[in-house]
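Here's the structure, in C-alpha coordinates; my notes come after.
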(Lines of atoms letter the chains of each structure in order from A and count residues from 1; the text may use other names and numbers.)
(Lines give C-alpha, C1' and ligand atoms only; values in the text may rest on other atoms or scores of the structure.)
Protein backbone atom coordinates (compact mmCIF):
# COMPACT_ATOMS: atom_id res chain seq x y z
CA UNK A 1 0.00 0.00 0.00
CA UNK A 2 1.75 3.22 -1.15
CA UNK A 3 2.57 5.76 1.49
CA UNK A 4 2.94 9.47 1.08
CA UNK A 5 5.97 10.79 2.93
CA UNK A 6 6.92 14.23 4.16
CA UNK A 7 9.15 15.30 1.26
CA UNK A 8 12.30 17.38 1.21
CA UNK A 9 11.13 20.49 -0.63
CA UNK A 10 14.17 22.72 -0.17
CA UNK A 11 17.90 22.39 0.33
CA UNK A 12 17.67 23.34 3.98
CA UNK A 13 14.45 21.58 4.91
CA UNK A 14 14.73 19.15 7.83
CA UNK A 15 11.05 19.05 8.81
CA UNK A 16 7.75 20.26 7.41
CA UNK A 17 4.39 21.33 8.75
CA UNK A 18 1.22 19.84 7.30
CA UNK A 19 -0.62 23.10 6.69
CA UNK A 20 -3.75 21.77 5.00
CA UNK A 21 -5.07 18.59 3.52
CA UNK A 22 -6.50 19.12 0.03
CA UNK A 23 -7.84 15.54 -0.11
CA UNK A 24 -9.76 13.73 2.56
CA UNK A 25 -9.93 10.06 3.50
CA UNK A 26 -11.96 8.23 0.85
CA UNK A 27 -11.20 10.76 -1.91
CA UNK A 28 -9.88 9.32 -5.15
CA UNK A 29 -6.34 10.54 -5.83
CA UNK A 30 -4.73 10.61 -9.28
CA UNK A 31 -1.04 10.93 -10.03
CA UNK A 32 -0.09 14.59 -10.00
CA UNK A 33 -3.03 15.65 -7.84
CA UNK A 34 -2.21 18.13 -5.11
CA UNK A 35 -3.07 16.28 -1.92
CA UNK A 36 -1.78 18.66 0.74
CA UNK A 37 -0.05 21.95 1.43
CA UNK A 38 3.30 21.69 3.20
CA UNK A 39 4.88 24.61 5.02
CA UNK A 40 8.65 24.43 4.79
CA UNK A 41 11.38 26.77 5.96
CA UNK A 42 10.87 28.76 2.74
CA UNK A 43 7.21 28.70 1.73
CA UNK A 44 3.96 26.82 1.56
CA UNK A 45 4.11 24.30 -1.27
CA UNK A 46 1.64 21.85 -2.72
CA UNK A 47 2.46 18.18 -2.38
CA UNK A 48 1.62 16.12 -5.44
CA UNK A 49 0.71 12.43 -5.40
CA UNK A 50 2.97 9.93 -7.16
CA UNK A 51 0.44 7.09 -6.87
CA UNK A 52 -3.25 6.83 -7.44
CA UNK A 53 -6.17 5.28 -5.66
CA UNK A 54 -8.40 6.22 -2.76
CA UNK A 55 -6.78 8.09 0.10
CA UNK A 56 -6.99 5.39 2.75
CA UNK A 57 -5.56 7.08 5.78
CA UNK A 58 -4.40 10.51 6.83
CA UNK A 59 -1.60 9.88 9.30
CA UNK A 60 -0.62 13.44 10.22
CA UNK A 61 -3.09 16.07 11.32
CA UNK A 62 -3.14 19.62 9.98
CA UNK A 63 -0.79 21.88 11.87
CA UNK A 64 1.55 19.04 12.80
CA UNK A 65 5.29 19.30 12.15
CA UNK A 66 7.16 16.09 11.33
CA UNK A 67 10.66 15.28 10.02
CA UNK A 68 11.18 14.66 6.31
CA UNK A 69 10.59 11.02 5.39
CA UNK A 70 7.75 10.58 7.88
CA UNK A 71 4.69 8.80 6.41
CA UNK A 72 1.84 11.28 6.37
CA UNK A 73 -0.87 9.41 4.43
CA UNK A 74 -1.62 6.15 2.66
CA UNK A 75 -3.09 5.45 -0.76
CA UNK A 76 -4.50 2.04 -1.57
CA UNK A 77 -7.32 -0.02 -2.90
CA UNK A 78 -9.04 -0.78 0.37
CA UNK A 79 -11.69 1.40 1.87
CA UNK A 80 -10.72 3.51 4.86
CA UNK A 81 -12.92 1.31 7.02
CA UNK A 82 -11.14 -1.94 6.15
CA UNK A 83 -7.59 -0.81 5.60
CA UNK A 84 -5.21 -1.52 8.43
CA UNK A 85 -3.73 1.53 10.00
CA UNK A 86 0.00 1.63 10.57
CA UNK A 87 1.47 2.04 14.04
CA UNK A 88 2.21 5.73 13.38
CA UNK A 89 -1.43 6.53 12.86
CA UNK A 90 -2.45 4.58 15.91
CA UNK A 91 0.02 6.55 17.91
CA UNK A 92 -1.20 9.83 16.42
CA UNK A 93 -4.85 9.17 17.08
CA UNK A 94 -6.78 10.56 19.95
CA UNK A 95 -6.37 8.70 23.24
CA UNK A 96 -8.49 5.60 23.73
CA UNK A 97 -11.48 6.66 25.80
CA UNK A 98 -11.47 3.26 27.53
CA UNK A 99 -7.96 3.77 28.75
CA UNK A 100 -7.32 5.09 32.20
CA UNK A 101 -7.14 8.87 32.20
CA UNK A 102 -3.74 10.36 32.88
CA UNK A 103 -3.08 11.17 36.47
CA UNK A 104 -3.30 14.91 36.96
CA UNK A 105 -0.42 16.59 38.73
CA UNK A 106 -1.09 16.61 42.39
CA UNK A 107 -1.33 19.80 44.27
CA UNK A 108 0.97 20.19 47.23
CA UNK A 109 -0.60 18.87 50.40
CA UNK A 110 -2.98 21.27 51.99
CA UNK A 111 -1.65 23.10 54.98
CA UNK A 112 -3.97 23.96 57.81
CA UNK A 113 -4.94 27.59 57.78
CA UNK A 114 -3.82 28.00 61.34
CA UNK A 115 -0.35 26.86 60.36
CA UNK A 116 -0.25 29.19 57.36
CA UNK A 117 -1.15 32.13 59.50
CA UNK A 118 1.44 31.54 62.14
CA UNK A 119 4.53 30.18 60.39
CA UNK A 120 7.17 32.35 58.83
CA UNK A 121 10.16 31.28 56.75
CA UNK A 122 13.03 30.61 59.12
CA UNK A 123 15.28 28.94 56.54
CA UNK A 124 17.00 30.25 53.41
CA UNK A 125 14.46 33.09 53.10
CA UNK A 126 14.60 34.06 56.75
CA UNK A 127 14.03 37.74 55.97
CA UNK A 128 10.88 36.94 54.00
CA UNK A 129 7.64 36.28 55.83
CA UNK A 130 5.86 33.49 54.03
CA UNK A 131 3.76 30.41 54.54
CA UNK A 132 5.23 26.91 54.14
CA UNK A 133 2.84 26.24 51.25
CA UNK A 134 3.92 29.38 49.41
CA UNK A 135 7.57 28.50 50.04
CA UNK A 136 7.06 24.99 48.66
CA UNK A 137 5.29 26.27 45.55
CA UNK A 138 7.98 28.89 44.97
CA UNK A 139 10.72 26.27 45.17
CA UNK A 140 8.85 23.99 42.76
CA UNK A 141 8.54 26.80 40.21
CA UNK A 142 12.03 28.22 40.63
CA UNK A 143 10.77 31.49 42.07
CA UNK A 144 12.91 33.59 44.37
CA UNK A 145 10.65 34.69 47.22
CA UNK A 146 12.69 37.87 47.59
CA UNK A 147 11.26 38.98 44.22
CA UNK A 148 7.66 38.77 45.47
CA UNK A 149 5.53 41.20 47.42
CA UNK A 150 3.30 39.56 49.96
CA UNK A 151 -0.40 40.30 50.11
CA UNK A 152 -1.03 38.43 53.33
CA UNK A 153 -1.22 39.84 56.84
CA UNK A 154 1.86 41.87 57.63
CA UNK A 155 3.11 41.52 54.06
CA UNK A 156 3.37 37.75 54.31
CA UNK A 157 3.72 35.94 50.98
CA UNK A 158 0.84 33.52 50.50
CA UNK A 159 -0.06 30.97 47.87
CA UNK A 160 -1.96 33.49 45.75
CA UNK A 161 1.18 35.64 45.41
CA UNK A 162 3.20 32.66 44.13
CA UNK A 163 0.45 31.53 41.76
CA UNK A 164 0.29 35.01 40.26
CA UNK A 165 4.04 35.05 39.69
CA UNK A 166 4.34 31.62 38.03
CA UNK A 167 3.61 32.78 34.42
CA UNK A 168 6.17 35.57 34.61
CA UNK A 169 8.90 33.34 35.99
CA UNK A 170 8.06 30.64 33.45
CA UNK A 171 8.66 33.16 30.66
CA UNK A 172 11.99 34.13 32.20
CA UNK A 173 13.00 30.48 32.50
CA UNK A 174 12.24 30.03 28.80
CA UNK A 175 14.46 32.99 27.93
CA UNK A 176 11.51 35.18 26.94
CA UNK A 177 10.35 38.52 28.15
CA UNK A 178 7.10 38.35 30.09
CA UNK A 179 4.07 39.71 28.30
CA UNK A 180 2.46 42.87 29.55
CA UNK A 181 -0.89 44.30 28.58
CA UNK A 182 0.64 46.31 25.70
CA UNK A 183 2.33 43.26 24.14
CA UNK A 184 0.98 41.04 21.40
CA UNK A 185 2.40 37.57 21.04
CA UNK A 186 3.04 36.54 17.42
CA UNK A 187 3.72 32.81 17.02
CA UNK A 188 6.70 31.96 14.83
CA UNK A 189 5.92 30.47 11.46
CA UNK A 190 8.18 27.69 10.26
CA UNK A 191 9.62 30.03 7.63
CA UNK A 192 10.49 32.80 10.09
CA UNK A 193 11.89 30.36 12.64
CA UNK A 194 14.16 28.69 10.10
CA UNK A 195 15.15 32.05 8.61
CA UNK A 196 16.14 33.24 12.07
CA UNK A 197 18.16 30.09 12.69
CA UNK A 198 19.98 30.33 9.34
CA UNK A 199 20.79 34.02 9.63
CA UNK A 200 22.00 33.56 13.20
CA UNK A 201 24.13 30.68 12.03
CA UNK A 202 25.49 32.79 9.19
CA UNK A 203 26.49 35.70 11.40
CA UNK A 204 28.09 33.39 13.98
CA UNK A 205 29.91 31.02 11.66
CA UNK A 206 30.64 33.06 8.53
CA UNK A 207 33.43 35.63 8.85
CA UNK A 208 31.86 38.57 7.03
CA UNK A 209 33.60 41.61 5.64
CA UNK A 210 32.02 44.38 3.61
CA UNK A 211 32.92 46.52 0.62
CA UNK A 212 30.90 49.51 -0.52
CA UNK A 213 31.04 51.46 -3.75
CA UNK A 214 28.96 54.34 -5.07
CA UNK A 215 27.57 54.00 -8.59
CA UNK A 216 26.60 56.90 -10.84
CA UNK A 217 23.07 55.66 -11.52
CA UNK A 218 22.00 58.21 -14.15
CA UNK A 219 23.25 56.16 -17.14
CA UNK A 220 21.47 53.12 -15.74
CA UNK A 221 18.20 55.01 -15.26
CA UNK A 222 18.44 56.48 -18.77
CA UNK A 223 19.15 53.05 -20.24
CA UNK A 224 16.14 51.56 -18.48
CA UNK A 225 13.92 54.36 -19.79
CA UNK A 226 15.09 53.77 -23.36
CA UNK A 227 14.44 50.05 -23.15
CA UNK A 228 11.01 50.48 -21.63
CA UNK A 229 10.07 52.99 -24.35
CA UNK A 230 10.76 50.31 -26.96
CA UNK A 231 8.98 47.45 -25.25
CA UNK A 232 5.71 46.51 -26.93
CA UNK A 233 4.67 43.58 -24.73
CA UNK A 234 1.73 44.69 -22.57
CA UNK A 235 2.63 44.94 -18.89
CA UNK A 236 6.32 44.18 -19.37
CA UNK A 237 8.70 46.71 -17.80
CA UNK A 238 12.39 46.50 -17.02
CA UNK A 239 13.22 47.41 -13.42
CA UNK A 240 16.49 48.48 -11.83
CA UNK A 241 16.52 45.09 -10.12
CA UNK A 242 16.33 43.34 -13.50
CA UNK A 243 19.35 45.33 -14.68
CA UNK A 244 21.20 44.48 -11.46
CA UNK A 245 20.46 40.78 -11.91
CA UNK A 246 21.77 40.85 -15.45
CA UNK A 247 24.72 43.02 -14.47
CA UNK A 248 25.74 40.75 -11.57
CA UNK A 249 25.33 37.61 -13.68
CA UNK A 250 27.46 39.11 -16.45
CA UNK A 251 30.17 40.23 -14.02
CA UNK A 252 30.22 36.86 -12.26
CA UNK A 253 31.19 35.23 -15.55
CA UNK A 254 34.53 37.02 -15.38
CA UNK A 255 34.86 36.54 -11.62
CA UNK A 256 34.15 32.84 -10.98
CA UNK A 257 35.84 33.09 -7.59
CA UNK A 258 32.84 35.09 -6.37
CA UNK A 259 30.32 32.62 -7.79
CA UNK A 260 31.31 30.12 -5.14
CA UNK A 261 30.25 28.44 -1.89
CA UNK A 262 31.89 27.28 1.32
CA UNK A 263 31.51 23.53 1.82
CA UNK A 264 32.91 22.56 5.23
CA UNK A 265 36.45 21.80 4.12
CA UNK A 266 36.55 23.01 0.54
CA UNK A 267 35.41 25.77 -1.78
CA UNK A 268 32.97 25.04 -4.58
CA UNK A 269 33.19 27.28 -7.65
CA UNK A 270 29.98 27.02 -9.62
CA UNK A 271 30.10 26.85 -13.39
CA UNK A 272 26.49 28.00 -13.68
CA UNK A 273 25.24 31.33 -12.39
CA UNK A 274 22.00 31.28 -10.42
CA UNK A 275 20.97 34.62 -8.92
CA UNK A 276 18.78 34.67 -5.81
CA UNK A 277 16.48 37.63 -5.12
CA UNK A 278 15.64 38.38 -1.50
CA UNK A 279 11.88 38.92 -1.21
CA UNK A 280 10.34 40.10 2.05
CA UNK A 281 7.09 38.43 3.07
CA UNK A 282 4.96 38.64 6.19
CA UNK A 283 6.47 35.36 7.35
CA UNK A 284 10.12 36.14 6.65
CA UNK A 285 12.54 36.25 3.77
CA UNK A 286 12.19 34.04 0.73
CA UNK A 287 14.92 33.92 -1.92
CA UNK A 288 13.63 32.66 -5.27
CA UNK A 289 16.34 31.92 -7.80
CA UNK A 290 16.79 32.85 -11.47
CA UNK A 291 18.74 29.96 -12.84
CA UNK A 292 21.33 30.61 -15.57
CA UNK A 293 20.67 34.33 -15.29
CA UNK A 294 23.75 35.16 -17.38
CA UNK A 295 22.25 33.33 -20.37
CA UNK A 296 18.88 35.08 -20.28
CA UNK A 297 17.80 38.26 -22.01
CA UNK A 298 16.72 41.27 -20.02
CA UNK A 299 13.10 40.75 -20.97
CA UNK A 300 13.24 37.09 -19.93
CA UNK A 301 14.75 38.12 -16.59
CA UNK A 302 12.03 40.75 -16.11
CA UNK A 303 9.23 38.26 -16.74
CA UNK A 304 10.73 35.56 -14.55
CA UNK A 305 11.77 37.83 -11.70
CA UNK A 306 8.32 39.42 -11.55
CA UNK A 307 6.63 36.01 -11.45
CA UNK A 308 9.01 34.64 -8.83
CA UNK A 309 8.51 37.65 -6.57
CA UNK A 310 4.72 37.34 -6.83
CA UNK A 311 4.86 33.63 -6.02
CA UNK A 312 7.20 34.28 -3.08
CA UNK A 313 4.89 36.91 -1.58
CA UNK A 314 2.00 34.47 -1.96
CA UNK A 315 4.29 31.82 -0.43
CA UNK A 316 3.53 29.39 -3.21
CA UNK A 317 6.89 28.57 -4.72
CA UNK A 318 8.16 25.31 -6.12
CA UNK A 319 11.20 23.56 -4.64
CA UNK A 320 13.12 24.15 -7.87
CA UNK A 321 12.46 27.89 -7.81
CA UNK A 322 14.15 28.38 -4.42
CA UNK A 323 17.05 25.97 -4.82
CA UNK A 324 20.56 26.22 -6.16
CA UNK A 325 21.29 29.93 -5.77
CA UNK A 326 24.99 30.84 -6.13
CA UNK A 327 24.77 34.61 -5.47
CA UNK A 328 22.06 36.79 -3.92
CA UNK A 329 20.86 40.36 -4.40
CA UNK A 330 18.95 42.22 -1.68
CA UNK A 331 17.49 45.55 -2.81
CA UNK A 332 15.91 47.95 -0.32
CA UNK A 333 16.10 50.90 -2.69
CA UNK A 334 12.35 50.93 -3.19
CA UNK A 335 12.03 51.71 0.54
CA UNK A 336 14.32 54.73 0.25
CA UNK A 337 17.19 53.11 2.14
CA UNK A 338 20.49 54.76 1.20
CA UNK A 339 22.84 52.04 2.30
CA UNK A 340 22.81 48.81 4.25
CA UNK A 341 24.73 45.57 4.73
CA UNK A 342 23.14 42.19 4.17
CA UNK A 343 23.77 38.86 5.90
CA UNK A 344 25.24 36.23 3.61
CA UNK A 345 22.83 33.51 2.52
CA UNK A 346 24.86 30.38 3.34
CA UNK A 347 26.63 28.56 1.79
CA UNK A 348 27.00 31.29 -0.85
CA UNK A 349 30.17 33.36 -0.72
CA UNK A 350 28.63 36.80 -1.19
CA UNK A 351 25.45 38.88 -1.23
CA UNK A 352 24.94 42.34 -2.76
CA UNK A 353 22.94 44.95 -0.84
CA UNK A 354 21.49 47.71 -3.01
CA UNK A 355 20.43 51.13 -1.78
CA UNK A 356 18.13 53.69 -3.37
CA UNK A 357 19.10 55.73 -6.44
CA UNK A 358 18.87 59.26 -5.06
CA UNK A 359 20.18 62.77 -5.89
CA UNK A 360 23.60 63.31 -4.34
CA UNK A 361 26.65 65.54 -4.87
CA UNK A 362 28.82 63.97 -7.56
CA UNK A 363 32.09 64.85 -9.29
CA UNK A 364 32.14 64.51 -13.08
CA UNK A 365 35.17 65.51 -15.13
CA UNK A 366 36.62 67.23 -12.09
CA UNK A 367 33.59 69.39 -11.45
CA UNK A 368 31.19 69.08 -8.52
CA UNK A 369 27.54 68.80 -9.43
CA UNK A 370 24.35 67.00 -8.52
CA UNK A 371 23.73 63.53 -9.85
CA UNK A 372 21.87 60.35 -9.00
CA UNK A 373 23.93 57.77 -7.19
CA UNK A 374 23.33 54.36 -5.74
CA UNK A 375 25.27 52.54 -3.00
CA UNK A 376 26.24 48.91 -3.50
CA UNK A 377 27.58 46.94 -0.54
CA UNK A 378 29.02 43.49 -1.00
CA UNK A 379 29.05 41.17 2.03
CA UNK A 380 31.75 38.54 1.61
CA UNK A 381 32.63 35.25 3.25
CA UNK A 382 36.32 35.70 4.08
CA UNK A 383 36.86 31.96 4.06
CA UNK A 384 36.12 31.96 0.33
CA UNK A 385 37.24 35.37 -0.90
CA UNK A 386 39.95 37.85 -0.07
CA UNK A 387 39.45 41.58 -0.19
CA UNK A 388 41.26 42.19 -3.48
CA UNK A 389 39.24 39.57 -5.35
CA UNK A 390 35.94 40.88 -4.01
CA UNK A 391 36.99 44.47 -4.72
CA UNK A 392 37.83 43.61 -8.34
CA UNK A 393 34.37 42.09 -8.80
CA UNK A 394 32.65 45.10 -7.29
CA UNK A 395 34.73 47.53 -9.38
CA UNK A 396 33.83 45.71 -12.60
CA UNK A 397 30.16 45.63 -11.61
CA UNK A 398 30.25 49.38 -11.00
CA UNK A 399 31.83 49.96 -14.41
CA UNK A 400 29.22 47.79 -16.10
CA UNK A 401 26.31 49.57 -14.43
CA UNK A 402 27.74 52.97 -15.37
CA UNK A 403 28.07 51.76 -18.99
CA UNK A 404 24.83 49.82 -19.10
CA UNK A 405 24.79 49.13 -22.86
CA UNK A 406 27.53 46.60 -22.10
CA UNK A 407 24.98 44.59 -20.14
CA UNK A 408 23.20 43.51 -23.31
CA UNK A 409 26.27 43.11 -25.55
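In the working numbering, the protein residues as written are 676 to 1084. The beta-carbon is built from N, C-alpha and C at its ideal position, and this holds for glycine as well.
From the listed residues 1055, 919, 997, the smallest Cα separation to residue 966 is found for 997. Between residue 969 and residue 927 a beta carbon distance of about 7 Å is seen, short of the 8 Å cut, so the two are scored as contacting. The DSSP assignment places complete beta strand (DSSP E) segments of no fewer than 3 residues inside the segment 890–938 at 935–938, in order along the chain.
Contact between residue 1079 and residue 874 is ruled out by a C-beta separation of about 32 Å, above the 8 Å threshold. In this structure, the beta-carbon distance from residue 690 to residue 741 falls below 8 Å.
Per DSSP, the continuous beta strand (DSSP E) segment holding residue 678 begins and ends at 678–680.
Remark: three or more beta-carbon pairs, one from each stretch, lie closer than 8 Å, so the segment 976–990 and the segment 950–959 are flagged as touching. Annotation for residue 707: 723, 724 place their beta carbon closer than 8 Å to its own, counting only its chain and skipping 5 residues before and after. Secondary structure note for residue 684: it is in no alpha helix (DSSP H), with a DSSP letter that is neither H nor E.
Annotation for residue 985: the continuous alpha helix (DSSP H) segment containing it runs 973–988.
Residue environment for residue 977: buried (at least 16 other C-beta atoms within 10 angstroms of its C-beta). DSSP, reduced to helix, strand and coil, places residue 1035 within a strand of the structure shown. The DSSP assignment places complete beta strand (DSSP E) segments of no fewer than 3 residues inside the segment 712–753 at 719–723, 728–733, 740–742, 746–750, in order along the chain.
As a beta-bridge residue in DSSP terms, residue 693 pairs with 713. For residue 866, the secondary structure class from DSSP, reduced to helix, strand or coil, is helix. Selection 1025, 863, 1031 evaluated against residue 884 yields 1025 as nearest (Cα-Cα). Only residues of its own chain outside the window of five on either side were considered, and among them 696, 700, 748 have a CB closer than 7 Å to the CB of residue 733, listed in chain order. A direct Cα-to-Cα measurement between residue 923 and residue 1072 gives close to 7 Å. The shortest CA-to-CA distance from residue 1050 to any of 857, 1037, 868 is the one to 1037. Distance check between residue 979 and each of 1018, 912, 933, 1029 places 912 closest, using alpha-carbon atoms only. In the DSSP assignment, residue 1042 forms a beta bridge with 1039. Taking a contact as a CB-CB distance under 8 Å, the pair residue 994 and residue 681 does not count as one, their CB atoms being some 13 Å apart. In the three-state scheme derived from DSSP, where H, G and I count as helix and E and B as strand, residue 808 is classed as helix. Distance from the CA atom of residue 826 to the CA atom of residue 806, rounded to whole angstroms, is 12 Å.
Of the other Cβ atoms in all chains shown, fewer than 16 fall within 10 Å of the Cβ of residue 944; this residue is therefore exposed. The C-alpha of residue 931 lies about 16 Å from the C-alpha of residue 999. Annotated three-state conformation of residue 884 is strand, per DSSP.
With contacts defined as CB atoms closer than 8 Å, residue 891 and residue 1046 qualify as a contacting pair. Counting along the chain, no alpha helix (DSSP H) covers residue 968, and no H or E run does either. The C-beta distance from residue 886 to residue 1055 rounds to 7 Å, short enough to meet the 8 Å contact threshold. The C-beta distance from residue 937 to residue 1022 rounds to 5 Å, short enough to meet the 8 Å contact threshold. In this structure, residue 915 lies away from residue 973, with their beta-carbon atoms at least 8 Å apart. Residue state for residue 1023 is assigned as strand, using DSSP reduced to three classes.
The beta-carbon separation of residue 738 and residue 693, rounded to 7 Å, stays under the 8 Å limit for a contact.
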